[in-house]
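Novice: Per this note's numbering: the sequence shown = residues 908 to 1091.
Backbone N, C-alpha and C define an ideal beta-carbon position, used for all residues, glycine too.
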Amino acid sequence: MTSPRRDLPKTVPLQNDDKKTLFAMNLLRIAARNSATPPTNPLLASSLARARPSVAPSLFVRARLLSNSLRSKLDKAVKNNDLVLFMKGTPDQPLCGFSRAAVQILGVQGVDLTKHKTFNVLEDDELREGIKEYSSWPTIPQVYIKGEFIGGTDILLNMHQSGDLEELLSSKGLIEPEEEGERA
908 MTSPRRDLPK
918 TVPLQNDDKK
928 TLFAMNLLRI
938 AARNSATPPT
948 NPLLASSLAR
958 ARPSVAPSLF
968 VRARLLSNSL
978 RSKLDKAVKN
988 NDLVLFMKGT
998 PDQPLCGFSR
1008 AAVQILGVQG
1018 VDLTKHKTFN
1028 VLEDDELREG
1038 IKEYSSWPTI
1048 PQVYIKGEFI
1058 GGTDILLNMH
1068 QSGDLEELLS
1078 SKGLIEPEEE
1088 GERA
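#1: What is the DSSP secondary structure of leucine 981, reduced to helix, strand or coil?
#2: Assuming leucine 1081 and valine 991 make a contact with CB atoms under 8 Å, what is their CB distance in whole Å?
#3: Give a yes or no on contact between the region 1054-1065 and the region 997-1014, applying the rule of three or more CB pairs nearer than 8 Å.
#4: Please name the residue or residues paired with asparagine 1027 in a DSSP beta bridge.
#5: Unbroken alpha helix (DSSP H) runs of length 4 or more, entirely within the region 1012-1062: which are they?
#6: Within a Cβ cutoff of 7 Å, which residues of the same chain sit near asparagine 988, ignoring the five residues on either side of it in sequence?
#7: Considering Cα atoms alone, identify which of Ile1047, Leu1072, Glu1040, Leu1013 is closest to phenylalanine 1005.
#8: Measure the Cβ-Cβ separation of valine 1028 and leucine 1034 and say whether it is below 8 Å.
#9: Taking buried to mean at least 16 other C-beta atoms within 10 Å of its own C-beta, is glutamine 1000 buried or exposed?
#10: Just tell me which of Leu973, Pro998, Lys1079, Gly1014 has its CA closest to the CA of lysine 1053.
#11: Output needed for proline 1084: all residues of its chain with C-beta closer than 6 Å, excluding positions within five of it in sequence on either side, in chain order.
#12: For glycine 1037, count neighbouring C-beta atoms within 10 Å of its own C-beta (all shown protein chains included) and say buried if the count is 16 or more, exposed if not.
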């Protein structure tokens, strides 16, 4: 028995907003896939199970002290550069899906990251933890524009989709405003 033939939907060209949404959905899908980790780490779970109860909780306690020298370096970097990206890896070789997505979003907006300051937080543990305390934001990547903390990949993505990122970058002189005739 054969199934009845279905008529395929007709294709229509994507509007600019549809392209942004499709791009954003793909970035999130790729970032989530690249950052997926197993729910439990058997090696860690077994070592914690053997640890004394008084020791195990201390494994998760971190000192939340941002040194004065690091705070000074971060202040200087953020205030003296138009755009600063703290990420895992480099713009040419991001080492996590969310850092890759941030680089791609900025690239799509027309930002040339070779002209701006980027920090690979994987090269310095103090920087990796310190930037989180500095911004009161728990994740990396982090983007600063003209001294102002913007957010991470999720914020960039929302701003990209709404058009707010293009408007912000343009108003700060980091990209050329798109002409009405150039919009597809």
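Specialist: For this structure:
#1: What you label residue 981 is simply residue 74 of the sequence shown in a count that begins at 1. In the structure shown, leucine 981 sits in a helix (DSSP, three-state: H, G or I).
#2: Sequence index remark: in the sequence shown, residue 1081 carries index 174 (1-based). Sequence index remark: in the sequence shown, residue 991 carries index 84 (1-based). The pair is not a contact, with the Cβ atoms about 12 Å apart (cut-off 8 Å).
#3: Segments in contact, yes.
#4: Stepping through the sequence shown from its first residue, residue 1027 is reached at position 120. Answer is Met994, bridged to asparagine 1027.
#5: If we require 4 residues or more, the alpha helix (DSSP H) runs fully inside the region 1012-1062 come out as 1032-1042.
#6: Counting from one through the sequence shown, the residue named residue 988 turns up at place 81. Once the five neighbours on either side are set aside, the close Cβ partners of asparagine 988 are His1023, Lys1024.
#7: In the sequence shown, the residue the question calls residue 1005 occupies position 98. In this structure, Ile1047 is the residue among Ile1047, Leu1072, Glu1040, Leu1013 with its C-alpha nearest to the C-alpha of phenylalanine 1005.
#8: For the purposes of this step, residue 1028 is identified with residue 121 of the sequence shown, where counting begins at 1. For the purposes of this step, residue 1034 is identified with residue 127 of the sequence shown, where counting begins at 1. Closer than 8 Å, so yes.
#9: Working through the sequence shown from its first residue, we reach residue 1000 at position 93. Here glutamine 1000 is exposed. Its C-beta has fewer than 16 other C-beta atoms within 10 Å.
#10: As a position in the sequence shown, residue 1053 is number 146, starting the count at 1. Ranking the options by Cα distance to lysine 1053, first place goes to Lys1079.
#11: In the sequence shown, residue 1084 corresponds to position 177, counting from 1. Within the same chain, and ignoring the five residues on either side of proline 1084 in sequence, the residues whose Cβ sits closer than 6 Å to its Cβ are Ser1077.
#12: Start at 1 with the first residue of the sequence shown, and residue 1037 comes out as number 130. Burial call: buried.
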